[in-house]
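Numbering of the sequence shown is given in UniProt numbering, commencing with residue 1 and proceeding in unit increments. For glycine and all other residues, C-beta sits at the position ideal for the given N, C-alpha and C.
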Amino acid sequence: MIKIWLSKHSLVRRILWSCLIVFIFLLGKGLPSPFLNLKEVIYFELTTNTQKILVLSSGDQVSLFGLSIGPWMSATIIMSVLGQLKAFGLNRQSQSRLGRIQLFLTLIIALLQAVVTVNQLPKLLIYNNLSQFYEVIMLIAGAFLVMWLCNMNAKYGLGGSTLLVMINILQSGVDGLKSSNLLQTLSIWQQVELGCTFISVLMVFTWLNVFFDRSEVRLPLIRLLSDDNNLKLSYVPIKLIPAGGMPLMFAFAFMSIPIYLIKFLIIFFPNIKELRILLKNCQLNTVSGVIIYCVIIFGLSLMFAFINTNPHQQMRNFKFNGDYLRGVTPGTQTERYLRKQIWKSGLFGAIFLTVIAGFPVFWGVGNSSNTQITMLPGIVMMEIGFGMMMLDQIKSIMLKSQYKSIV
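Next comes the structure, spelled out in structure tokens:
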């Protein structure tokens, strides 16, 4: 009876699936590793807050899901960059082969991060080589399990594969705000004033996000099989910020790649001072680290703009359907025109996201406890954009449920 009812209410079914997947994800993040010395973990958390590893794209690194979805996100970014550059002939590979390559790349990144994580927490482990090996295997398995949960949510739940990413980023942001020394130094009235300011800024960000998400450039499209009434309604939409919030989401994971790589090299070459200096300059509490972060946001914004609106694929679709843009010669001229329009919108979006989400991080330079607070504008924009995407998905599901089968 319940199964029949759920089959008729796809929205409720998807919500229940997402709740189950989020519950499993949070449960895995909360369960400590079986190879940890719990007394040392408690002491570590109480006495070394400044050393607490809390990366937005990763989870709490002493839990079962220690690496979270960071390796998969990093592999996705690398594959996207190589695909845009048409390197190694990836543009000519089948989807199944690309999937296998991405899984192998995820395994390599997960192995790298797991080795670095275990090496950074020697006192927390039941210290012997065998327990360290088991911890590495467990972290890698946890990363692949989280990736599988994301795929299951994309298939059966709401929010696609980014739901767990948003949950993890939101939880990390809240934890970072709690651990910050800023609120502890303020009086009650100052905290109230700060709260009102935050709500006001949140409302402004919400309005800006909704405005730019719904704003688009409409290129008139001529359809050969359309009549005069529908001809005026035909257009190619290009969003004002075509990349959306994806650059902010993947920037954390992309920035963690060189950091983990440097830490991995330090394990085998601990006497090379240049590696430690390079690692220090890559942290977000340094000017150079924030500059790198802003450059990553800017670059990813341009890249995702061309991924979300592929001018070459659009040109091929026009050619297949017999459509063409008004006043533009079909073929390569159309592709060049689309690329120019996407470049303009992508450049505007890259500047906007860098200013809103990147520049505030400079305030946290020299004070790592405030770094999480300075990232709140970017986190808020990501969460608002994700919420709007969820609303669009819910609307489409409800609209689909209004149609009845003719059979």
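What is the rounded straight-line gap between the Cα of residue i and the Cα of residue j?
| i | j | result |
| --- | --- | --- |
| residue 100 | residue 166 | 25 Å |
| residue 114 | residue 276 | 19 Å |
| residue 236 | residue 221 | 6 Å |
| residue 54 | residue 340 | Unreliable placement is indicated for residue 54, whose pLDDT of 35 sits below 50; the coordinate value is still reported in the next sentence. Answer to the nearest angstrom: the Cα atoms are 40 Å apart. |
| residue 13 | residue 399 | 16 Å |
| residue 353 | residue 131 | 43 Å |
| residue 358 | residue 322 | 43 Å |
| residue 343 | residue 245 | 17 Å |
| residue 349 | residue 242 | 7 Å |
| residue 142 | residue 325 | 49 Å |
| residue 356 | residue 133 | 42 Å |
| residue 283 | residue 197 | 28 Å |
| residue 105 | residue 147 | 13 Å |
| residue 77 | residue 248 | 12 Å |
| residue 194 | residue 373 | 12 Å |
| residue 151 | residue 21 | 10 Å |
| residue 379 | residue 168 | 11 Å |
| residue 383 | residue 170 | 8 Å |
| residue 163 | residue 396 | 18 Å |
| residue 301 | residue 70 | 19 Å |
| residue 154 | residue 161 | 5 Å |
| residue 43 | residue 387 | At residue 43, the pLDDT of 46 sits below 50, so the modelled position is not reliable; the number obtained from the coordinates is stated separately. Looking at the two C-alpha atoms, the distance is approximately 38 Å. |
| residue 200 | residue 190 | 15 Å |
| residue 270 | residue 119 | 12 Å |
| residue 205 | residue 308 | 23 Å |
| residue 280 | residue 304 | 29 Å |
| residue 27 | residue 92 | 41 Å |
| residue 261 | residue 272 | 14 Å |
| residue 107 | residue 234 | 45 Å |
| residue 94 | residue 306 | 20 Å |
| residue 109 | residue 345 | 33 Å |
| residue 377 | residue 385 | 12 Å |
| residue 137 | residue 35 | 11 Å |
| residue 33 | residue 135 | 8 Å |
| residue 337 | residue 83 | 22 Å |
Can you look up residue i in the DSSP assignment and give me helix, strand or coil?
| i | result |
| --- | --- |
| residue 218 | strand |
| residue 342 | helix |
| residue 34 | coil |
| residue 105 | helix |
| residue 154 | helix |
| residue 63 | strand |
| residue 163 | helix |
| residue 408 | Within the shown structure, residues of the chain are numbered from 1 to 407, placing residue 408 beyond reach of any answer. |
| residue 325 | strand |
| residue 93 | coil |
| residue 71 | helix |
| residue 111 | helix |
| residue 284 | coil |
| residue 390 | helix |
| residue 331 | coil |
| residue 204 | helix |
| residue 375 | coil |
| residue 136 | helix |
| residue 243 | coil |
| residue 81 | helix |
| residue 365 | coil |
Using CA atoms only, rank isn't needed, just tell me which of the options is closest to residue i.
| i | options | result |
| --- | --- | --- |
| residue 111 | 342, 263, 379, 383 | 263 |
| residue 224 | 211, 319, 307 | 319 |
| residue 139 | 105, 63, 267 | 63 |
| residue 299 | 136, 336, 388, 351 | 351 |
| residue 16 | 255, 156, 251, 297 | 156 |
| residue 68 | 332, 256, 281 | 256 |
| residue 375 | 304, 317, 297, 307 | 297 |
| residue 158 | 10, 331, 335, 66 | 10 |
| residue 102 | 385, 202, 75 | 75 |
| residue 331 | 346, 315, 338 | 315 |
| residue 278 | 328, 311, 259, 135 | 259 |
At which residues does the beta strand (DSSP E) containing residue i begin and terminate?
| i | result |
| --- | --- |
| residue 238 | 235-239 |
Could you give the residue range of the alpha helix (DSSP H) that holds residue i?
| i | result |
| --- | --- |
| residue 314 | 311-321 |
| residue 359 | Residue 359 -> no alpha helix (DSSP H), and no H or E assigned at all. |
| residue 464 | Because residue 464 is not part of the residues shown, which for the chain are 1 to 407, the question remains open. |
| residue 253 | 246-268 |
| residue 288 | 287-308 |
With the cut-off set at 8 Å, would you say residue i and residue j are in Cβ contact?
| i | j | result |
| --- | --- | --- |
| residue 238 | residue 219 | yes |
| residue 293 | residue 251 | yes |
| residue 79 | residue 98 | yes |
| residue 365 | residue 295 | no |
| residue 362 | residue 290 | yes |
| residue 24 | residue 149 | yes |
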